[in-house]
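The sequence shown begins at 3 in the numbering used here and counts up by one. Even for Gly, the Cβ is constructed at its ideal location relative to N, Cα and C. Since the model is a prediction, treat every value here as computed from it, not as a measurement. Let me begin by presenting the structure, written as structure tokens, before commenting on it.
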Amino acid sequence: MADGTALFPPDARDKLTLRLQNAVNGFVDEPRAAVENADRVLEETIADLTRTLEERRRTLRTSWQSLPAQGAPGEAAPTTIDATPPAASGHRPGDTTARDTTARDTTGRGTTTGETATGGTATGDTEQLRLALRDYRETAERLLRL
């Protein structure tokens, strides 16, 4: 924002950062639970950011909407801006920032899935969880820096 105000208050940002770090630290013991925790942190980060931006937009709109409509002579009156939120998918036309987060096999042997003979999670599953956790962390950290 123009006044340099962060979109996340420091205490809220610190709490979300700590929860994210706890999720990352828990990966060794419980990979799936760590990714689920990171998912919840990202979900809350997005919700907080959305609320903050909606509040800021309401403030901005109120600052000019109470003014009488004025235009240059001969111009049509301004039209109302559509306040309908974008599609729930989150994809915006022209947005090319989406990343493919699919785990890739670099060994040439294929990715194993399911349980191993000892009942643990297969290496391919753990690697996919590791990559997902990495992407959750990177995304949440980028949002928290706003």
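Of the listed residues the options, nearest to residue i (C-alpha basis)
i	options	result
T128	R58, S65, D13, F29	F29
E140	Q67, P12, L44, D13	L44
E143	A35, A40, A36	A40
A14	T64, A49, D31	A49
L151	V37, R58, A71, R53	Residue 151 lies beyond the range of the chain shown here (3 to 148); nothing can be said about it.
D137	V26, D16, L20	V26
Buried/exposed call for residue i, threshold 16 Cβ in 10 Å
i	result
T7	exposed
T47	buried
P33	buried
G112	Since pLDDT at G112 reaches only 41, below the 50 mark, its modelled position is unreliable, and the value read off the structure follows with that caveat. The residue in question, G112, is exposed, as its Cβ has fewer than 16 Cβ neighbours within 10 Å.
Q67	exposed
Q130	buried
A89	Note on A89: pLDDT 47, under 50, position unreliable in the model; the coordinate value appears next. Exposed.
R60	exposed
L146	buried
L22	buried
L18	buried
P11	exposed
Host alpha helix (DSSP H) of residue i (start-end)
i	result
S65	33–67
G126	125–146
V26	12–27
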